[in-house]
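Student: Numbering-wise, the sequence shown is residues 688 to 1085 according to my numbering. Cβ coordinates follow ideal geometry from the N, Cα and C atoms, glycine included. If you're wondering where the values come from, they're calculated on a predicted model, not measured in any experiment.
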Amino acid sequence: MESFGIDALALAVPRSFLEVTDLAVARGVAPSKFVEGLGMGRIAIASADEDPVTLAADAARRLLATPGVDKESIGLVIVGTETAVDHSKPIAAYLHGLLGLPSRCRVYETKHACFGGTAGLLTALDWLASGSGRGRAALVICTDIARYTLGTPGEPTQGAGAVAMLVKASPRLLALEPGVSGSFARDVADFWRPLDRKDAIVDGALSVRCYLDALGGAYATWAEETRKASGNPDDLARRCYHVPYGKMAKKAHQHLSELRGLDAAAAEETFQREVKPSLRFSAEVGNVYTGSLYFALASLLDAEAGELEGKRVGLFSYGSGSCAEFFAGTVEPGAGAFVRMLDLGAPLRDRTRLGIEAYEAIRRADAQVDTRDAATPSAIDANRVAFLGVDGGRRVYQ
Ligand code: CAA
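1. With respect to 8 Å, is the separation between the Cβ of LEU1075 and the closest non-hydrogen atom of the ligand CAA below this value?
2. Could you round the C-beta distance between TYR976 and GLU769 to whole angstroms and report it? I think they count as a contact, below 8 Å.
3. Using the Cα positions of VAL716 and SER1007, report the straight-line distance between them to the nearest angstrom.
4. I want to check one thing, is the minimum distance from the CB of HIS929 to the heavy atoms of the ligand CAA below 8 Å?
5. If you follow the alpha helix (DSSP H) that GLY903 is in, where does it begin and where does it stop?
6. Measuring alpha carbon to alpha carbon, tell me which residue in ALA1052, GLY1076 and ASP1053 is nearest ALA1061.
7. Any chance the region 782-802 sits against the region 756-766, with 3 or more Cβ pairs inside 8 Å?
8. I'd like the ranges of any beta strand (DSSP E) spanning at least 3 consecutive residues and lying wholly in the region 817-851.
9. Helix, strand or coil: which one does DSSP assign to GLY787?
10. How is VAL962 classed by DSSP in three states: helix, strand or coil?
11. In or out: ASN974 buried (at least 16 other Cβ within 10 Å) or exposed?
12. Check HIS799 in the structure and name its three-state DSSP category.
13. Quick test of your reading: SER868 and TRP814, contact by CB under 8 Å. State the CB separation rounded to the nearest angstrom.
14. Pick from SER1004, PHE968 and ALA824: whose alpha carbon is nearest that of ALA872?
15. For TYR928, which of helix, strand or coil comes out of DSSP?
16. Between MET935, LEU853 and ALA952, which lies nearest to LYS749 when the distance is taken from Cα to Cα?
17. Report the partner residues of LYS998 according to the DSSP bridge assignment.
18. So, under 8 Å CB-CB, LYS938 and LEU984 are touching, yes? Tell me the CB distance rounded to an integer number of Å.
19. How about PHE817 and ARG1038: do their beta carbons lie closer than 9 Å?
20. Residues in the same chain with beta-carbon distance under 8 Å from ALA1052, minus the five sequence neighbours each way, listed in chain order, please.
21. Can we count PHE878 as close to the ligand CAA, meaning its CB is less than 8 Å from some heavy atom?
22. Where does GLN1085 land, buried or exposed, given buried means 16+ other C-beta within 10 angstroms?
23. For ASP877, which residues from the same chain have a beta carbon less than 6 Å from its beta carbon, with the 5 sequence-adjacent residues on both sides left out?
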């Protein structure tokens, strides 16, 4: 039987980061609260010439440079984001131009808070499995800049980045299971961002409860669907959760373990084995909203793809508001060697550490970033896609 899933993936992050310990000192908070209490390490900070389009383009450029990835085979581009740059023109249209993709291509953006990327991935999977792809591949990109108002509890959980995934038949990394998934939706006011704001508004404690309720609901449906498909919901070797901050993944695993009838000791023991390897990248980058689950998957594959070949991985995606989905995939034979070649963590190295003043200056300038006059291209690093500003109201990219 033909398989469909994630063939290759690539990450992009802004070139600067802030240590959460520096932020803690500046905010008069014990550093251990951000590090142990929230499970954070570094948060990626986007500069004025970096936006969700440039991050997506950088991840996609890296993906398209992967051996065996054929740009001409792409017939569907879906960009999941909750920090779009325009109310009408999708990031996918900018990417189509920046990447020089075929004109016979459906390109659009999906939004449902952090769930938007998963909506794109599962739609791409259905497009392939239904035969509509007609032998072509889908490019699914999750890109976001997570911003909370300075000094609020969400501030240490900010982050930014993008994940680009090639989704196709006979994938080299992870075969997904079309039709076998558990969704859960409920209208809640846990986290949102009104049209006139760049910073999200969040009811933190409620958001944690909503996430856990959604996990329970989505998992129960997935387990039922898995049994109907003659599968075993207990055969997951690893579990990747949406990671708004590292501690949330731990809370998620504890909650799921409890629902599965495991005691606290078993929850801790399985957390170390089944979840921890997926949390390294997010501790370096922070919340990437739509991309967070896929940074977790990338982190897991980077650490363990070789030993996971042939094994099943569970994936949980949560979008505030809310919609969630639990689904699973099997790591493909040969994934270990392929992932070593991909060097997924490369973009996280070679970044610049910001001081608190520089970070706050970037954040203060956020409000003007989208309306500034386009800069001269010569001022910009030629190795990255850059947002130069606007010219006649149009966004200009180099
Ligand atoms: N040393 C070690 N730990 C410490 C500490 C110290 N000195 N001081 C406090 N802590 C611990 C607390 O005990 C607590 O641990 P537990 O959660 O295990 O009880 C933890 O640090 C957090 O402390 P608080 O309970 O005081 O919480 P807070 O006011 O710092 O807020 C938050 C935490 C609600 C997550 C906040 O960061 C926030 O609003 N974040 C944004 C919203 C969010 O990420 N929600 C997650 C679910 S919604 C979602 O997933 C969608 C999305 O991407 C946004």
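Tutor: Inspection of the coordinates gives the following:
1. no
2. 5 Å
3. 27 Å
4. yes
5. 891-915
6. GLY1076
7. yes
8. 824-833
9. coil
10. helix
11. buried
12. strand
13. The Cβ separation is near 15 Å, so there is no contact.
14. SER1004
15. strand
16. Note that residue 749 is Arg in the sequence shown here, rather than Lys. Answer by Cα proximity: LEU853.
17. BP columns for LYS998 are empty, so no partner.
18. Wrong, their Cβ atoms sit about 19 Å apart, outside the cutoff.
19. It should be pointed out that residue 817 corresponds to Ser in this sequence rather than to Phe. Result no, Cβ atoms of SER817 and ARG1038 do not sit closer than 9 Å.
20. ALA735
21. yes
22. buried
23. ASP890, LEU893, SER894, CYS897 and SER1007
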